[in-house]
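*Asks:* The structure that follows is given in the form of structure tokens.
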Amino acid sequence: MGEPTNQKPNRGPSCPICGRPAVQDARPFCSRRCADVDLGRWLKGVYRVPTDERPEDDEAAGPGRRAEDDDA
Ligand SMILES: [Zn+2]
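Right, here's the structure in full:
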């Protein structure tokens, strides 16, 4: 994490990962590493959404249905 900052202090967009000024080589990130991190997060999120919603929905539907069934 000690990369030499050879980039010029431009006023472009800042890296969404670490907040450093982005470089043309890896815009809008400050480095390819951050770009990779962002990509990984994005992919993880995409895969996580359906995987995380399943158990959550199951749990909510479990007790919810029972109460409804009991009421009706
Ligand atoms: Zn960065």
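Okay, so the sequence shown: first residue is 349 according to the working numbering, each after it adds one. A virtual CB, placed ideally from N, CA and C, is assigned to each residue, including glycine. Nothing here was measured: the structure is a model prediction, and the numbers come from that model.
1) Given a threshold of 16 other Cβ atoms within 10 Å of its Cβ, counted over all protein chains shown, does V394 qualify as buried or as exposed?
2) Does C366 pass the burial test, meaning 16 or more other C-beta atoms within 10 Å, or should it be called exposed?
3) So D384 and P364 are in contact, right, with Cβ under 8 Å, and what is the actual spacing, rounded?
4) Using the C-alpha atoms, what's the distance from A370 back to S362?
5) Check the C-beta distance from A374 over to R380 and give it rounded, since I have them as a contact under 8 Å.
*Replies:* A quick look at the data gives this:
1) Here residue 394 refers to the residue found at position 46 of the sequence shown. Residue burial annotation: V394 is exposed, with fewer than 16 other C-beta atoms found within 10 angstroms of its C-beta.
2) Locating residue 366 in the sequence shown gives position 18, where the first residue counts as 1. It counts as exposed.
3) Along the sequence shown, read from residue 1 onward, the residue named residue 384 stands at position 36. Along the sequence shown, read from residue 1 onward, the residue named residue 364 stands at position 16. Wrong, their Cβ atoms sit about 13 Å apart, outside the cutoff.
4) Translated into the one-based positions of the sequence shown, residue 362 becomes position 14. Translated into the one-based positions of the sequence shown, residue 370 becomes position 22. About 5 Å.
5) Taking the first residue of the sequence shown as position 1, residue 374 is located at position 26. Taking the first residue of the sequence shown as position 1, residue 380 is located at position 32. Right, the Cβ-Cβ distance comes to about 5 Å (below 8 Å), so this counts as a contact.
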